[in-house]
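Below is one structure; the comments refer to it alone.
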Amino acid sequence: MPELSVRLATETDRQMLERLWLMFRHDMSELRGTLPCPDGSFHSERLEAARRWICFVTPAW
């Protein structure tokens with residue numbers, strides 16, 4: 176079994192995190208009864224709040 180490691184996200188991870196968030200919100204929409212925005216995206220305020228926190232901790236992001 177491969178060794179597991181955890182690290183803070185960096186700017187290079189941003190696009191991947193946005194896509195993972197979209198998939199997560201899509202999966203949860205069935206349980207929460209939420210609909211996507213007209214452009215097919217879901218609200219991402221929580222992801223943006225996490226990004227701002229990371230920028231506060233690691234200004235390079």
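Letter 24 of the sequence shown, counting from 1, is numbered 199 in the working numbering, and no numbers are missing.
Yeah, the Cβ is synthetic: ideal placement off N, Cα and C, and Gly gets one too.
### Message
For M191 and W228, I'd like the C-alpha separation in whole angstroms.
### Response
Our two residues, M191 and W228, have alpha carbons roughly 18 Å apart in a direct line.
### Span of the alpha helix (DSSP H) around E193
189-207
### Task
Determine the contact status of S204 and L210, defining contact as a CB-CB distance below 8 Å.
yes
### T187 versus E193: straight-line alpha-carbon distance, rounded
11 Å
### Query
Is the CB-CB distance between S180 and W196 below 8 Å?
no
### Query
Do you know offhand how far R182's Cα is from H201's?
One C-alpha to the other measures close to 25 Å.
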